[in-house]
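What follows is a short report on a single structure.
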Amino acid sequence: MKRFGTFVLLGLLCASLQPAKPLRSSTDVETTGSFSMRPFSYYDGKANELLSKMTLEEKIGQMTQAEQDALKDVKDIEDYFLGSILNGGNSDPKEGNSLKAWTDMYDRLQSHALKTRLAIPLLYGVDAVHGHNNVIGAVVFPHNIGL
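Position one of the sequence shown corresponds to residue 137 (this note's numbering), numbered consecutively onward.
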């Protein structure tokens, strides 16, 4: 019986070492369909065209990420052509800590970015690696201790 168990385990081990077959081959990928299926090179022309229209100040601004609490005025997004805003720890909306306050803040920040000459939307980030413990009712995920 012990020998039989060894053969079963050996068989399972061998079966698990078989390479998995891809669901689709790389030649099956549709490159003219939806946004997510296009290769990055598809956007090179559009990106180069946009870059050719930008001033040096706009290019510098697009590479800048400001912390939301550090903005003296949300109009700084327009004045400095900011490309990214980060909500770090403890930078809750000034109006409160509700879902409505967060969405209103995001909409307000994004509206200022869209008022710029080229109307490039903000890249918006939130520092909430383990969940939003600062947002009322949000889920907080545990730390992976010891990994």
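We put the CB at the ideal spot given by N, CA and C, even for glycine.
If I follow the unbroken alpha helix (DSSP H) through Ile272, where does it start and stop?
As a working mapping, residue 272 is identified with position 136 in the sequence shown. Ile272 -> no alpha helix (DSSP H), and no H or E assigned at all.
Excluding sequence positions up to five away, which residues of its chain have a Cβ less than 8 Å from the Cβ of Val210?
By 1-based counting over the sequence shown, the position of residue 210 is 74. So the qualifying residues of the chain are Arg244, Leu245, His248.
For Ile256 versus Gly219, is the C-beta spacing smaller than 8 Å?
What you label residue 256 is simply residue 120 of the sequence shown in a count that begins at 1. What you label residue 219 is simply residue 83 of the sequence shown in a count that begins at 1. Contact: yes.
Following the continuous alpha helix (DSSP H) through Gln201, name the residue where it begins and the one where it ends.
Counting from 1 along the sequence shown, the entry for residue 201 is found at position 65. Counting along the chain, Gln201 falls outside any alpha helix (DSSP H), though it belongs to the beta strand (DSSP E) covering 201-203.
Between Lys251 and the rest of its own chain, which residues show a CB-CB distance below 8 Å, the 5 nearest in sequence each way excluded?
The residue labelled residue 251 in the question sits at position 115 within the sequence shown. Excluding residues within five positions, the ones whose Cβ falls inside 8 Å are Glu214.
Is Ile213 helix, strand or coil by DSSP?
Residue mapping note: residue 213 aligns to position 77 of the sequence shown, counting from 1. Note: Ile213 maps to helix in three-state DSSP.
Between Gly232 and His268, what straight-line distance do the alpha-carbon atoms span, to the nearest angstrom?
Here residue 232 refers to the residue found at position 96 of the sequence shown. Here residue 268 refers to the residue found at position 132 of the sequence shown. Spanning the two alpha carbons is a distance of roughly 14 Å.
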